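These notes are about the structure you will find just below.
In my numbering, the protein residues as written are 16 to 167.
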């Protein structure tokens, strides 16, 4: 997310950029820990001029202590990270990325309502382009929301 937002000059109305925030990416399962991103992701990033220097890592319960906001790509990922939440305070940190693209008033964890960013794994390269479009749009909204104040 950080590289995508920075490349597009995503800036909130008050001038906030992702550079002002610590951003990490992690999966909800151990399948790709230590591996580079999928080749489809790397190809689309290159087309967009985005440098990705990331290795897979897995979200763990202790991450709730490290982060003020946990952003999941889809409702299945939301369920996975909520299952690791030790308490209501941690659960309140979780939101789906797609929420930020539609301009709602707060994080949404409701069911399948179009807020999910589909996983392009196993699909043609065009699915990776669509995913990048969705993530870039949502990151711009996330920056606006962060400028208004992150959750406690």
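C-beta: ideal position from N, C-alpha, C; glycine also. All values derive from a computational prediction rather than experimental measurement.
Inset, instruction - Hey, could you find the ends of the alpha helix (DSSP H) residue 155 is sitting in? - result: 140–162
Inset, instruction - Count the other C-beta atoms from every protein chain shown that fall within 10 angstroms of the C-beta of residue 55, then say buried if there are 16 or more, exposed otherwise. - result: buried
Legend entry - Backbone secondary structure at residue 123 - three-state DSSP: Caution applies to residue 123, whose pLDDT of 42 falls short of 50 and renders its modelled position unreliable; the model cannot decide the point.
Inset, instruction - Verify whether the separation of the beta carbon atoms of residue 81 and residue 49 is less than 7 Å. - result: no
Inset, instruction - Evaluate residue 131 with the Cβ neighbour count: other Cβ atoms within 10 Å of its Cβ, from every protein chain shown; 16 or more gives buried, anything less gives exposed. - result: buried
Legend entry - Nearest-angstrom beta carbon gap, residue 88 and residue 112 [assumed within contact, 8 Å]: 6 Å
Inset, instruction - Please check the pair residue 110 and residue 86, which I expect to be a contact at CB under 8 Å, by giving their CB distance rounded to whole angstroms. - result: 6 Å
Legend entry - Cut-off 6 Å between Cβ atoms - residues of its own chain near residue 45, not counting five sequence neighbours on either side: 73
Legend entry - For residue 100, three-class secondary structure by DSSP: coil
Legend entry - For residue 106, the three-state DSSP class (helix, strand or coil): helix
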